[in-house]
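Here is the structure we will look at.
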Amino acid sequence: MSGDAGGQAGDWTGGYVGGIDYIRAFYRDWTPALLSFALTLKGWRTPDALHDGRFTLAELGCGHGLTSAVLAGATPQARFEAMDFNPGHIAGARRLAGDGGLGNARFLDDSFADHAGRDGPPLDAVALHGVWSWVSADNRAILVDLLRRRLVPGGVVFVSYNALPGTLAHMPLRRLLVDRCAADHGPLPDRIERAVAHAARLAATGGGWFARTDGVVERIESLRGKSANYIAHEYLNRDWTAFHHADVAREMAAAKLDFAGAAVPMEQLDDLTLSDAARALVAEETDPTQAETLRDLLTNRSFRRDLFIKGGERLSAAERRRRLRATRFALLVPADDLPDSASTPVGTLRFARALHEPLGAALEREPQSLGALLALPALAAQGEEALLRALILLTSLGLAAPLPEQDDPQGAQAHADRFNAAVLARHRDVDGPSHLAAPLLGSGVAVSRIEALFLLAAREGVDPAAFAWSCLSEDGVVLARDGARIDGDAESVAELRRRHAAFTARRLPVLTRLGVR
């Protein structure tokens, strides 16, 4: 591969894409409260540190570090260690951490080999997102050795990767993009745009592989809406490997790690992914690792988010039930925004109104534990298993979230307020970080730039609509309503006033309940 599309042999990128930043994104999948919930569902005892908020978590290959920064802003008693080989990513993360007062987070400009050579504290949890499939076998071996040495007994690892057999369909497309970008000249974003357009022209012929492989044409069309940053880091690295689950489990076993379950709670429910006949076949498999690989074959899965645990202890059925009943949940949307259904691999799942309406109303009043919800007559009538299943679904869909324990909520609020002030200030001049720290969740909450400007205006005591428009208009932003462009300052401010009224009535109460302000 030539130029900056995949790195030169011996250069500092080690075959990873250089010359173009990774996307700036927050990933909630390894929020400690979510990790604990997913592990408890599968009957594992989680480290005490994940419950009391005094854990140490490492994000290896952190990109711009937004996830670690937001989690650090939401959980002041925890410690975060985030590294990435791209110095531009780390420079921005350090500046945000400094402005936001994150004394509990370190952002390191390291390769995996450099980082493995550092001394560091024992780790309660490790996140490997967007890493495993995109680095070399040598780097994976370095990561496994680091996990073996530094992860505490009972510690948990989150790892995401391209999975087989579902990724097989993407491999020819990836090769097409790699070769086209390597043969082309000019800035990488331009080469990527031309390579995607070339793939679309080939697909339009309607023949061969394009016609015989489900989903390829749709995937190419979806790439037209993706940023060059995403496409470069997803497809153009020198190392790009898809794995059977059993192969990942075998590599993790060298660090004394056992597969603990799917990180997304909903993916632990076989009836949402497998037909009755397929579940019966999986039930015949006595080897858990082979059963998991069989699930992938039966669902044609292309991406996995797995949890592995080091020397994990099993909970008794009674203890698992007590822990689940003690888990508190918060609603992340207005109750009347809860959907009537969700799409699953086996079809559309309809939500029972008799269960979800009283559940949404109860959580909208205040966060509550599963046990407290079961004390409500309307929910008790539905049964404990049905209620737990509803919470699993809402949590997995990002509509609700399990909550961590807090022993100093006022201190956590003050810490989050300082971090959020730094995030909001960035939205004054540019489209800043997409998430704010929510101390009640120990995690982050998404906000648009306009919502961020409304929150910033409230902090500064100025007119929210006029302030937001002054910032947006300086950047050349043009507003629209119902697909029609809005022209003129007066009309734009009027539109923002309408949006602020809707924000105050619906979105702001949710943010306030979560500690975002």
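The opening position of the sequence shown corresponds to residue 0 in numbering that gives the first Met the number 0, with each subsequent residue numbered one higher.
Glycine included, each C-beta is placed from N, C-alpha and C at the ideal position.
Predicted model, so just to flag it, every value in this text is computed and none were measured.
Query                                                                                                                                                         : Result
Note down, in chain order, each residue of its chain lying with its Cβ closer than 6 Å to the Cβ of P463, except the 5 sequence neighbours on either side.    : F453, A456, H499
Have a look at A203, A182, H184, L176 and flag the residue whose alpha-carbon is nearest the alpha-carbon of V195.                                            : L176
Exposed or buried, M170, counting other C-beta atoms within 10 Å across all chains shown (16 or more means buried)?                                           : exposed
Between the beta-carbon of A231 and the beta-carbon of V125, is there less than 7 Å?                                                                          : no
Which residues in the same chain have their Cβ closer than 6 Å to the Cβ of R322, if we skip the five residues on either side of it in sequence?              : T39
Does the Cβ of F302 have 16 or more other Cβ atoms within 10 Å, making it buried, or fewer, making it exposed?                                                : exposed
With 16 as the cutoff for other CB atoms within 10 Å, does P508 come out buried or exposed?                                                                   : exposed
Just the C-alpha distance for G441 and T66, rounded to the nearest angstrom, thanks.                                                                          : 12 Å
Give me the Cα-Cα distance between F84 and S433, rounded to the nearest whole angstrom.                                                                       : 23 Å
If you follow the alpha helix (DSSP H) that R211 is in, where does it begin and where does it stop?                                                           : 207–211
If you draw a straight line from the alpha carbon of G87 to that of L150, how long is it in whole angstroms?                                                  : 28 Å
Under three-state DSSP, which class holds R53?                                                                                                                : coil
Mapping the DSSP letters down to three states, classify A261 as helix, strand or coil.                                                                        : strand
Answer with buried or exposed for W11, where buried requires no fewer than 16 other C-beta atoms within 10 angstroms of its C-beta.                           : Residue placement at W11 is flagged as unreliable, the pLDDT there being 45, under the threshold of 50; a coordinate-derived value is accordingly withheld.
Please report how far the alpha carbon of H114 lies from the alpha carbon of G460, in whole angstroms.                                                        : 45 Å
Should R157 and W43 be called a contact, given that it needs their Cβ atoms to be closer than 7 Å?                                                            : Looking at the sequence provided, one finds Phe at residue 157 rather than Arg. No, these two residues do not count as a Cβ contact at 7 Å.
Do you know how far the Cα of D109 is from the Cα of D98?                                                                                                     : 22 Å
Threshold first: 4 residues or longer. Then list the alpha helix (DSSP H) segments lying entirely within the segment 384–435, N to C.                         : 408–425
DSSP has T347 in a bridge; who is on the other side?                                                                                                          : S342
If I'm right that A198 touches L235 with Cβ under 8 Å, what's the distance once you round it to whole angstroms?                                              : In fact, because the Cβ distance is near 13 Å, the residues do not count as touching under 8 Å.
Within 10 angstroms of the Cβ of H128, are there 16 or more other Cβ atoms? Answer buried if so, exposed if not.                                              : buried
Does D3 pass the burial test, meaning 16 or more other C-beta atoms within 10 Å, or should it be called exposed?                                              : Reliability fails at D3, whose pLDDT of 35 lies under 50, so the model's placement of it is uncertain and the value that follows must be treated cautiously. Result: buried.
Alpha carbon to alpha carbon, what distance is there between G260 and P287?                                                                                   : 10 Å
What are the residues that DSSP puts in a beta bridge with Q267?                                                                                              : None, per the DSSP bridge assignment.
Could you give the DSSP three-state label for E312: helix, strand or coil?                                                                                    : coil
Among A353, S368, E363, which residue has its Cα nearest to the Cα of A380?                                                                                   : A353
Under the DSSP definition of a beta bridge, which residues are partnered with W43?                                                                            : R313
For A436, which residues of its own chain have a beta-carbon under 7 Å away from its beta-carbon, when the five flanking residues on both sides are left out? : V69, G72, A73, A415, F418, N419, G443
Please report the straight-line C-alpha distance between R300 and H244, rounded to a whole angstrom.                                                          : 10 Å
Return yes when the Cβ of L146 is within less than 7 Å of the Cβ of A254, no when it is not.                                                                  : yes
Under a three-way DSSP split, which group does P152 fall into?                                                                                                : strand
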